[in-house]
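Enquirer: Numbering (my numbering), first residue to last: 211 to 719. Quick reminder that beta carbons are idealized off the backbone N, C-alpha and C, glycines included. Have a look at this one.
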Amino acid sequence: VVYSGGYIQDEWTVNDRLKLVGGIRLDVPVFGATGYTNANADALTFRDETGAAVQYDSGKLPDANLLWSPRLGFNWDVTGSRNTQVRGGTGVFTGKPLFVWISNQIGNTGVLTGFIQNNNSTVNPFNPDPNAYKPTNVTGAPATSYELALTDENFKFPQVWRTNVAVDRRLPGGFTGTAEFIYNRDVNGIYYINANLPAAQTSFVGADNRPRWTSNRINNVTGNQVSNATVIKNQDVGTAWNTVFSAKTTRSWGMFLAGYNYGESKNTVDPGSIAFGSWSNNAHSGDPNNPGVSFAGASPGHRFFMTGSYRKQYFGFGATSISAFYEARTIGNTSYTFSGDMNGDGGFNDSIYIHANTGEMNFAPFTSGGVTYTAAQQAAAWEAYIAQDSYLRANRGKYAERGAVFLPLVNRLDLSVTQDVFTTGGGGHRFQFRADFINFGNLLNKNWGVSQRLVSNQPLTNPAVDASGQSTYRLRVVNNQLMSQSYQQTADLNDVYRIAFSVKYFFGS
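Below you can see the structure in the form of structure tokens.
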């Protein structure tokens with residue numbers, strides 16, 4: 211691949227109070243003809259997300275598309291006194307190409323690699339020696355069973371339109387306040403479909419009436435079996451926004467800064483390094499090729515922060531500095547899904563239905579650890595579980611939304627104490643003794659500074675369908691008991707306090 215880019219920019223001083231900056235960038239990724247063509251796959255017909263029949267060129271890499279990125283920024287001194295400043299800009303930004311997206315296609319055409327799926331252990335017994343599965347004669351012909359990673363013929367690398375506006379204002383008491391809003395929208399966003407997935411053959415009955423697949427492969431002929439055909443494509447529906455408010459001051463004794471920000475990010479899929487995994491792990495409640503816009507996996511949520519420092523010098527002998535940083539933030543988000551392929555589409559990605567009442571539930575009795583759990587026991591336990599979970603309780607009668615379960619805020623405080631000792635020789639030489647307390651709150655109280663996680667984001671397991679066409683499932687068992695609580699404390703390095711001591715010697719200039 212050859213990647214070329216260029217950028218030009220100019221600045222205009224409109225007057226003493228207004229300054230503009232404009233520019234345009236051009237990026238051009240060019241791929242060589244390094245793909246491997248599978249003629250057997252190219253002859254097959256697939257189905258896109260609209261239901262239309264489509265064929266693909268398995269060896270064709272993206273064309274050399276010109277990616278234009280114009281942008282304009284401004285800085286405006288509102289009154290001319292520098293007490294209020296408005297700044298911002300808008301423009302298109304092109305992301306650095308993630309070439310693994312394209313390497314997926316090169317490695318998954320059925321020419322370089324294939325696989326064997328043995329469902330009959332009697333006819334095809336397992337052999338621990340991998341050499342036993344190697345073909346005796348390598349002809350270079352396509353594999354008889356394979357998966358495909360394909361690129362849409364109009365695919366372009368990601369671009370986002372970004373706009374921000376901010377106001378800086380001098381406040382009473384020597385503070386400076388800032389308010390900023392940032393908005394992003396995909397120009398060339400990324401999403402995936404499985405073009406080998408047929409239309410759903412049926413649907414469930416009851417409150418949860420989502421579509422159901424009894425067969426999830428279009429092309430499944432012996433000798434030319436396609437397990438999946440994941441296609442990378444572009445969309446322009448993803449959005450993200452973030453707002454920030456902060457105030458700071460700098461004094462002779464030190465500084466102080468406090469602020470709050472909140473943001474949301476939404477898309478149809480979080481693209482990863484594995485094409486099929488990006489599609490099959492994308493939570494949804496309907497058609498996986500049209501999952502709809504929901505929260506992205508990196509949607510930021512809430513963040514409060516405060517930091518300050520204080521420094522005091524003593525007679526020229528030394529100086530003591532104390533600094534602290536406090537933060538309360540959302541540590542992540544997740545989705546409530548079934549454990550297993552609930553709808554038969556070939557992906558383990560099915561969002562749960564949050565029952566409006568026990569009458570909508572259809573639990574299957576089961577035995578685990580010598581204990582039998584009846585349908586009524588599970589329904590009662592699930593009802594109690596929903597009641598204690600804030601997200602489930604607020605969304606009864608709905609499908610769980612992808613990425614909409616935001617974990618509780620984690621509160622942490624870091625503290626640093628520094629002692630400088632000046633040498634008698636002068637010249638700026640000094641020793642510095644420092645102690646850093648990471649997660650200082652946990653040193654004071656073992657329950658402070660500890661984050662929480664879901665016990666499991668898959669509380670319903672073993673999804674199936676009964677004779678009437680309703681979905682059935684089990685409630686997860688944890689420690690030989692039906693699940694009863696959503697969260698538990700985490701226990702990793704970030705949840706405990708750490709202390710670091712250091713000694714430094716600074717040479718004067």
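Kindly list the residues whose CB is nearer than 6 angstroms to the CB of E259, restricted to its own chain and excluding five residues on each side of it in sequence; keep chain order.
Expert: I403, N499 and N500
Enquirer: Give me the residue from T440, V687, V310 and S268 with the minimum Cα distance to G557.
Expert: T440
Enquirer: Provide the residue(s) that pair with V377 in DSSP beta bridges, ordered along the chain.
Expert: V296 and A389
Enquirer: As an exercise, report each continuous beta strand (DSSP E) stretch of at least 3 residues that is fully enclosed by the stretch 561 to 619, in chain order.
Expert: 576 to 578 and 581 to 583
Enquirer: How long is the line joining the alpha carbons of T553 and R420, rounded to whole angstroms?
Expert: For the sequence presented, residue 553 should be read as Asn rather than Thr. Going by the C-alpha atoms only, they are around 8 angstroms apart.
Enquirer: Less than 8 angstroms between the CB atoms is what I'm expecting for Q680 and N572, so what's the real figure, rounded?
Expert: Indeed, because the Cβ distance is near 5 angstroms, the residues count as touching under 8 angstroms.
Enquirer: In terms of DSSP beta bridges, what is T449 paired with?
Expert: Bridge partners of T449: R395 and K476.
Enquirer: Which residue marks the beginning of the alpha helix (DSSP H) containing L282, and which one marks its end?
Expert: L282 -> not in any alpha helix (DSSP H); beta strand (DSSP E) instead, spanning L277 to D287.
Enquirer: CA-CA distance, P280 and G232?
Expert: 8 angstroms
Enquirer: Write down the C-beta distance between G464 and F632 rounded to the nearest angstrom, noting that I regard them as a contact closer than 8 angstroms.
Expert: G464 to F632, Cβ: 19 angstroms. No contact.
Enquirer: Specify whether the stretch 434 to 454 and the stretch 464 to 476 touch according to this definition: at least 3 beta carbon pairs, one from each stretch, less than 8 angstroms apart.
Expert: yes
Enquirer: Residues in its own chain within less than 7 angstroms of T584 by CB, not counting five upstream and five downstream?
Expert: P575
Enquirer: Considering only C-alpha positions, which residue in the set A457, A506 and T304 is nearest to N398?
Expert: Closest by alpha carbon: T304.
Enquirer: Would you call the stretch 414 to 430 and the stretch 676 to 693 touching, i.e. three or more CB-CB distances under 8 angstroms?
Expert: yes
Enquirer: Please classify W658: does DSSP put it in a helix, a strand, or coil?
Expert: Coil, per DSSP.
Enquirer: Can you round the beta-carbon distance between R539 and L619 to whole angstroms, since I take them to be within the 8 angstroms contact cut?
Expert: 6 angstroms
Enquirer: I need the DSSP call for G320, collapsed to helix, strand or coil.
Expert: coil
Enquirer: Cutting at 6 angstroms between CB atoms, please list the residues of its own chain near G290, excluding the five before and the five after it.
Expert: R227
Enquirer: Counting along the chain, where does the alpha helix (DSSP H) carrying D646 start and finish?
Expert: No alpha helix (DSSP H) holds D646; the beta strand (DSSP E) holding it covers R640 to I648.
Enquirer: Do you know how far the Cα of R395 is from the Cα of F525?
Expert: 57 angstroms
Enquirer: Can you tell me whether DSSP reads A342 as helix, strand or coil?
Expert: helix
Enquirer: Who are A405's beta bridge partners in DSSP?
Expert: None, per the DSSP bridge assignment.
Enquirer: Are the beta-carbon atoms belonging to V436 and T478 less than 8 angstroms from one another?
Expert: no
Enquirer: Beta carbon of G301, beta carbon of L282: below 8 angstroms?
Expert: yes
Enquirer: Just to check my reading of the structure: R257 and A410 have Cβ atoms closer than 8 angstroms, yes? What is that Cβ distance to the nearest angstrom?
Expert: Their Cβ separation, rounded to whole angstroms, is 12 angstroms, which puts R257 and A410 out of contact at 8 angstroms.
Enquirer: Please go through the same chain and pick out, in chain order, the residues whose beta-carbon is closer than 6 angstroms to the beta-carbon of Y563, but skip the five residues on each side of it.
Expert: D418 and Y609
Enquirer: Taking one C-beta from the stretch 343 to 363 and one from the stretch 421 to 428 each time, how about it: are there three or more such pairs within less than 8 angstroms?
Expert: no
Enquirer: Between R606 and H565, what straight-line distance do the alpha-carbon atoms span, to the nearest angstrom?
Expert: Their backbone Cα atoms lie some 6 angstroms apart in a straight line.
Enquirer: Do you know whose CA, among G242, D339 and N364, lies nearest Y266's CA?
Expert: Residue N364 is the option with its Cα nearest to Y266.
Enquirer: Which first and last residues belong to the beta strand (DSSP E) in which N237 is found?
Expert: Strictly speaking, residue 237 in this sequence is Asp, with Asn absent from that position. Where D237 is concerned, the enclosing beta strand (DSSP E) stretches over L228 to V240.
Enquirer: Taking a contact to mean a Cβ-Cβ separation below 8 angstroms, would you say V240 touches V211 in this structure?
Expert: With contacts defined by Cβ atoms closer than 8 angstroms, V240 and V211 form a contacting pair.
Enquirer: Note down, in chain order, each residue of its chain lying with its Cβ closer than 7 angstroms to the Cβ of S727, except the 5 sequence neighbours on either side.
Expert: Residue 727 lies beyond the range of the chain shown here (211 to 719); nothing can be said about it.
Enquirer: If you compare alpha carbons, which of K306, I316, P338 and K229 is closest to K270?
Expert: I316
Enquirer: Below 8 angstroms between beta carbons: does that hold for T373 and G550?
Expert: no
Enquirer: Going by beta-carbon coordinates alone, are N434 and T354 separated by less than 8 angstroms?
Expert: yes
Enquirer: Considering only DSSP beta bridges, list what R205 is partnered with.
Expert: This structure cannot settle anything about residue 205, because the visible part of the chain is limited to 211 through 719.
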